[in-house]
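Chemist: The structure follows.
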Amino acid sequence: LARVVAAVSDPREAASCAKRLTAPIMARAARHAERAKATGELPSALSAELKLLASAVRFLEFPGFDAAARRLATNGASTSSSIEHPALAALQEAWPTLSLFNDEPWRSVPAVADATSAVYQKALLCAKDKSFAFAPHVLEALAATFAAHRHPSCLDALGTAAEACFASLSGHEAASERLHAVFGEAFASCVDAAAATLSANAIEDAADVARALFECAHKLATFAPFVFLNATHGEDRRLACHTVLSVAVAALQTRERDAVRAATALLSMAAAPGDAASRSETWRAARARSVDAFFVSATTGEAVVSSVLRAGADHAPRHVLRPLAQFLFVLRATYGGVVDEWIAKTLGDASFPDANAPASAFAREAFSVLATDRAVSLNDGVPRAPLDARRWAAACVDFFMICRRELGDDALVAHQM
670 LARVVAAVSD PREAASCAKR LTAPIMARAA RHAERAKATG ELPSALSAEL
720 KLLASAVRFL EFPGFDAAAR RLATNGASTS SSIEHPALAA LQEAWPTLSL
770 FNDEPWRSVP AVADATSAVY QKALLCAKDK SFAFAPHVLE ALAATFAAHR
820 HPSCLDALGT AAEACFASLS GHEAASERLH AVFGEAFASC VDAAAATLSA
870 NAIEDAADVA RALFECAHKL ATFAPFVFLN ATHGEDRRLA CHTVLSVAVA
920 ALQTRERDAV RAATALLSMA AAPGDAASRS ETWRAARARS VDAFFVSATT
970 GEAVVSSVLR AGADHAPRHV LRPLAQFLFV LRATYGGVVD EWIAKTLGDA
1020 SFPDANAPAS AFAREAFSVL ATDRAVSLND GVPRAPLDAR RWAAACVDFF
1070 MICRRELGDD ALVAHQM
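Start counting at 1 in the sequence shown, then tack on 669, and there's your number in the working numbering.
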């Protein structure tokens, strides 16, 4: 039926059909909620109805919506701004019931919270810039639910909302300031809650929360860098990005596959957001006091380098060894000699990477010299040219494998030729 609605050419009729499609789903959801509340049963039927709505809404993108709305406005049928996007029409039809599920006791049930977040994700992704007016209500609900119960799906939905809203923000300058404010408030609230959980418990015990936090921050850094770089949280109004990056560094000390992958991706993106982003006014204005201050600090910066090296050499999941090596190269390329000093200091520790299974002094010294461009050619003894990014990462991965006893010390010799 959702596919049929998506085939309706007149967006006004499509919006009406979307509401007619949504109404019976939400009526059933309300009845399931009443029954679950009366009987004390798990609300599995309720979450199933919400998932059904999410799966239907995802078809309501209407890529030709703007053209159809302009055509109707040209014909005098209505103004383009007054025509409701079908996905947003479905969300607004569902909102009176969804707002009940944004409160207790329903938001404490993971299946219900996850399904509700899925509805928000699908609707905002379809509506894009047509959702600007409604997005604050969704963000408020997501932030409140996450603060109360730490459901990772809330952070997933917040990241998706950032992608949906800010990727289509061009030409909507009037909405920009308001969106930055509401996303900043939601991000700060979520960072407060996530940091409290991850500092009170081992990251391994809340690995999915950590993963969702890093992926949400990554999307904000990509699509809403002003929010990522400037949002503050807590009583001391600390930069939220500093808190998230610190948690990401801590996550590198675990063996959690998804959390380590997401942490590495976030740290890499923060250190090197790309040429286009680096040239933007937003990054130029805020980078020095935000990510640069974090990576060059004698405390946090050295901890980043040490954590990356120890993770790669000892316990990090195999699939992130190359991303870790690439991130370390990016740090060297971006911040220069201070990173080389921290590499040499970390590798100078005789207990590296673990006191119970230290790497050989030969391997540590050989890679330290190679990694910091102090190597000389074994062929003729002259200083060798610095390794390019690809070869540097390859040498770093080989060093990690040596530390893990999967390669012999002589594996570095080829990189010194």
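Just so it is clear, CB atoms sit at the ideal spot from N, CA and C, and this is done for glycine as well.
Being a predicted model, the structure only gives us computed values, none of them experimental.
#1: For GLY1077, which residues in the same chain have their Cβ closer than 8 Å to its Cβ, ignoring the five residues on either side in sequence?
#2: Could you have a look at SER749 and say whether DSSP puts it in helix, strand or coil?
#3: Here's the rule: buried if 16 or more other CB atoms are within 10 angstroms of the residue's CB, otherwise exposed. What is LYS1014?
#4: So what does DSSP say about ARG907, is it helix, strand or coil?
#5: Would LEU990 and VAL918 qualify as a contact pair, given that the criterion is a beta-carbon distance under 7 Å?
#6: Name the residue from ARG689, GLY981, ALA857 and LEU722 whose alpha carbon lies nearest to the alpha carbon of ASP783.
#7: Bridge partners of HIS902, per DSSP?
#8: Let's test the definition: count the other Cβ atoms within 10 Å of the Cβ of THR814 and tell me whether it reaches 16, buried, or not, exposed.
#9: Which value, in whole angstroms, describes the spacing of the CA atoms of ASP1042 and THR969?
#10: Can you grab the Cα-Cα spacing for the pair SER937 / THR691, in whole Å?
#11: Would you check if the stretch 903 to 916 and the stretch 873 to 892 touch, i.e. whether three or more CB-CB distances between them fall below 8 Å?
#12: How should HIS988 be labelled, buried or exposed, when 16 other C-beta atoms within 10 angstroms of its C-beta is the threshold for buried?
#13: Tell me the rounded alpha-carbon separation between GLN995 and ALA985.
#14: Going straight from the alpha carbon of PRO894 to that of ARG847, what length do you get?
#15: Can you tell me which of GLY733, PHE897, ALA702 and LEU729 puts its alpha carbon nearest to the alpha carbon of ALA717?
#16: For ASN1025, count neighbouring Cβ atoms within 10 angstroms of its own Cβ and tell me buried if that reaches 16, exposed if not.
#17: Please confirm whether LEU908 and SER976 have their CB atoms less than 7 Å apart.
#18: Which runs of the alpha helix (DSSP H) fall wholly inside the stretch 750 to 786 and span at least 4 residues, in chain order?
#19: Could you tell me the alpha carbon to alpha carbon distance between TYR789 and ARG739, rounded to whole angstroms?
#20: From ALA939 to PRO821, what does the alpha carbon distance come to, in whole angstroms?
#21: Taking the runs of the alpha helix (DSSP H) that are 4 residues or longer, which of them lie wholly in the stretch 697 to 750?
#22: Starting from LYS797 and walking both ways along the alpha helix (DSSP H), at which residues does that stretch end?
#23: Which residues in the same chain have their Cβ closer than 8 Å to the Cβ of ARG1060, if we skip the five residues on either side of it in sequence?
#24: Using the three-state DSSP reduction, which class does GLN922 fall into: helix, strand or coil?
#25: What does the alpha-carbon distance come out to for the pair ASP640 and ARG958?
#26: Can you give me the Cβ contacts of ALA812 inside the same chain, cut-off strictly under 8 Å, excluding the 5 residues immediately before and after it?
#27: Do ALA683 and VAL674 have their beta-carbon atoms positioned less than 7 Å apart in this structure?
#28: Can you give me the C-alpha to C-alpha distance between CYS686 and TRP764, rounded to a whole angstrom?
#29: What alpha helix (DSSP H) runs, 4 residues minimum, are completely inside the stretch 960 to 1007?
#30: Please name the residue in VAL851, ALA1028, VAL965 and LEU978 whose C-alpha comes closest to that of ALA900.
#31: Should LEU757 go down as buried or exposed, given a rule of 16 or more other Cβ atoms within 10 Å for buried?
#32: Let me check understanding here. Comparing Cα to Cα, which of LEU711, LEU670, GLY733 and LEU769 lies closest to ALA696?
#33: Could you tell me the alpha carbon to alpha carbon distance between ALA954 and LEU729, rounded to whole angstroms?
#34: For THR766, which of LYS720, THR743 and ALA699 has the nearest alpha-carbon?
#35: Where does the unbroken alpha helix (DSSP H) through HIS887 begin, and where does it stop?
#36: How would you label ALA945, buried or exposed, when you count the other beta carbons within 10 angstroms and need 16 or more for buried?
Modeler: Per the coordinate set shown:
#1: ILE1071
#2: Interpretation of SER749 is limited by its pLDDT of 49, a score under 50 that renders its predicted location unreliable; the figure taken from the coordinates is listed afterwards. SER749 falls in the helix class under three-state DSSP.
#3: Classification of LYS1014: exposed, given that the 10 Å Cβ count is below 16.
#4: strand
#5: Result no, Cβ atoms of LEU990 and VAL918 do not sit closer than 7 Å.
#6: LEU722
#7: ARG907
#8: buried
#9: 24 Å
#10: 42 Å
#11: Yes, they touch.
#12: exposed
#13: 14 Å
#14: 15 Å
#15: ALA702
#16: exposed
#17: no
#18: 755 to 770
#19: 26 Å
#20: Near 22 Å, if we compare the C-alpha coordinates of PRO821 and ALA939.
#21: 713 to 726 and 734 to 743
#22: First-last for LYS797: undefined, no H or E at that position.
#23: HIS1084
#24: Reduced to three states, the DSSP call for GLN922 is coil.
#25: The shown model of the chain, from 670 to 1086, leaves out residue 640, and the question about it has no answer.
#26: Only CYS823, LEU827, GLU854, ALA855, SER858 and CYS859 meet the Cβ criterion.
#27: yes
#28: Separation of CYS686 and TRP764 (C-alpha to C-alpha, rounded to the nearest whole angstrom) is 16 Å.
#29: 962 to 965, 969 to 979 and 990 to 1004
#30: Among VAL851, ALA1028, VAL965 and LEU978, the Cα nearest to that of ALA900 is on VAL851.
#31: buried
#32: Closest option to ALA696, Cα to Cα, is LEU769.
#33: Distance between the alpha carbons of ALA954 and LEU729 is about 38 Å.
#34: ALA699
#35: 876 to 892
#36: With fewer than 16 Cβ atoms within 10 Å of its Cβ, ALA945 is classed as exposed.
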